[in-house]
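As structure tokens, the structure follows; a few thoughts come after it.
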């Protein structure tokens, strides 16, 4: 398969990629590796845009930093940025019609709903085993992990998938399909609450408000329902965290920050020593204990900005901020032309930003790929590269519907 086939008929391959991404953090790297292979074999033309240039520069710079620090681990860790670069390029090649975008979103919701069900079963088993043995089961205190590696990443993924389901519900007029999406949303919401991830939950609520603000919700009745829904969701989450003890609510919130204080302080110490180049992509995993990480070495700084600063210095941080700034400019252009995907795209970014205050979801392959794919869709939409497909019957063609392509132009 080459890039032309990806553009014209790559649906089966893309569905396989989506399955690998959602199935496990380990298998999530398979699409990235294959995209790198395609780039090397077919030598596809790489467009000079902020996403490609930004990610490529980040990758090259991370290699230089790793070599400077003589870190084999960080050198290997830099391959993640190369994978993101290839995923961004693959996304720009594939997401050229709304049918393709919506198909991937739909498949993602279905698969995520299955992992959410798995998470709920996981929680039930935890409770059963806890009652049987009287001991806490598992490394995450009975918090749902499902197929996402740890509860915080699971929470962020479920939160993101809920917004995808909400978007698909709004663009679908079939009652049966809308009911399916509503069911998926409910299951994923339960799984999100069972992860008990404070960062992911706060990010979800923040993104939910942004989503409906951008949807221009003016109906007072719907506004009241939304407000009550948010209040109910927050109450359930706090009850789950407190386990019936009202004092524990404040304890849980406080521990979410206090457990990270020494990591943040240690990261600032690392930055003060190497502010320009940084220490390498996995430096905190190598040197965390040397900078008073009381909880042991950490794979990242538990703050997205500190993570980039520590790993790639001020240069790497500026490159990340450059990509985000250009992305926001594209989102604003799409907002001005009332692009239907804007509420979803903004919400997914809000999840990354808000959770990024206490975590770094981009270090998780699954969430990193989701973010880069979002960037690719945003870029293609803002440049008028996404076509709208219409199905129409002509002359009772025995082969079925003939697909007519209609180019959607976007004024910029």
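In full-length UniProt numbering, the protein residues as written are 1 to 412. We treat Cβ as the ideally placed atom computed from N, Cα and C, and that holds for glycine.
Taking just the CA atoms, how far does residue j sit from residue i?
| i | j | result |
| --- | --- | --- |
| residue 180 | residue 381 | 27 Å |
| residue 358 | residue 32 | 27 Å |
| residue 404 | residue 308 | Low per-residue confidence applies at residue 404: pLDDT is 33, beneath 50, and the placement is therefore not dependable, though the value from the model is reported in the following sentence. Rounded to the nearest angstrom, the two C-alpha atoms are 45 Å apart. |
| residue 173 | residue 50 | 36 Å |
| residue 201 | residue 162 | 12 Å |
| residue 366 | residue 14 | 15 Å |
| residue 110 | residue 155 | 17 Å |
| residue 306 | residue 264 | 8 Å |
| residue 151 | residue 186 | 18 Å |
| residue 385 | residue 331 | 15 Å |
| residue 20 | residue 85 | 18 Å |
| residue 24 | residue 182 | 25 Å |
| residue 413 | residue 353 | Nothing about residue 413 can be reported from this structure: the residues present for the chain run from 1 to 412 only. |
| residue 363 | residue 280 | 13 Å |
| residue 22 | residue 106 | 13 Å |
| residue 290 | residue 299 | 14 Å |
| residue 246 | residue 68 | Because residue 246 carries a pLDDT of 43, less than 50, the predicted location of this residue cannot be relied on, and the following value inherits that uncertainty. Cα to Cα, the separation comes out at about 51 Å. |
| residue 175 | residue 93 | 33 Å |
| residue 18 | residue 26 | 13 Å |
| residue 11 | residue 100 | 7 Å |
| residue 16 | residue 116 | 19 Å |
| residue 351 | residue 204 | 6 Å |
| residue 230 | residue 169 | 19 Å |
| residue 214 | residue 128 | 43 Å |
| residue 124 | residue 144 | 10 Å |
| residue 249 | residue 235 | In this predicted model, residue 249 has a pLDDT of only 45, less than 50, meaning its place in the structure is not dependable enough to derive any value. |
| residue 212 | residue 95 | 25 Å |
| residue 378 | residue 103 | 16 Å |
| residue 270 | residue 262 | 12 Å |
| residue 208 | residue 277 | 37 Å |
| residue 54 | residue 147 | 30 Å |
May I ask which residues mark the beginning and end of the alpha helix (DSSP H) holding residue i?
| i | result |
| --- | --- |
| residue 77 | 72-77 |
| residue 287 | 283-287 |
| residue 20 | 11-23 |
| residue 334 | 304-336 |
| residue 376 | 365-382 |
| residue 210 | 198-214 |
| residue 274 | Careful: residue 274 lies outside any alpha helix (DSSP H) and carries neither H nor E. |
| residue 50 | 50-68 |
Classify residue i as helix, strand or coil using the three-state DSSP reduction.
| i | result |
| --- | --- |
| residue 387 | strand |
| residue 169 | helix |
| residue 413 | Lying outside 1 to 412, the shown extent of the chain, residue 413 is not represented and no answer is given. |
| residue 352 | helix |
| residue 42 | helix |
| residue 178 | helix |
| residue 122 | helix |
| residue 359 | coil |
| residue 103 | helix |
| residue 142 | coil |
| residue 34 | helix |
| residue 341 | coil |
| residue 245 | Because residue 245 sits at a pLDDT of 44, beneath the cut-off of 50, its placement in the model cannot be relied upon, and the following sentence gives the value as read from the coordinates. In the structure shown, residue 245 sits in coil (DSSP, three-state: anything other than H, G, I, E or B). |
| residue 224 | helix |
| residue 109 | helix |
| residue 484 | As displayed, the chain neither begins before 1 nor continues past 412, which places residue 484 out of reach and without an answer. |
| residue 152 | helix |
| residue 299 | coil |
| residue 147 | coil |
| residue 47 | coil |
For residue i, which residues does DSSP report across the bridge?
| i | result |
| --- | --- |
| residue 115 | Looking at the DSSP assignment, residue 115 forms no beta bridge with any residue, so it has no partner. |
| residue 97 | 387 |
*Can we say the stretch 189-200 touches the stretch 332-342, given the rule of at least three CB pairs closer than 8 Å?*
no
*asked:* When you compare the stretch 300-319 with the stretch 107-124, are there three or more beta-carbon pairs, one atom per stretch, that lie closer than 8 Å?
replied: no
*asked:* Count Cβ pairs between the stretch 45-62 and the stretch 343-357 that sit closer than 8 Å; are there 3 or more?
replied: no
*Can we say the stretch 322-335 touches the stretch 63-82, given the rule of at least three CB pairs closer than 8 Å?*
no
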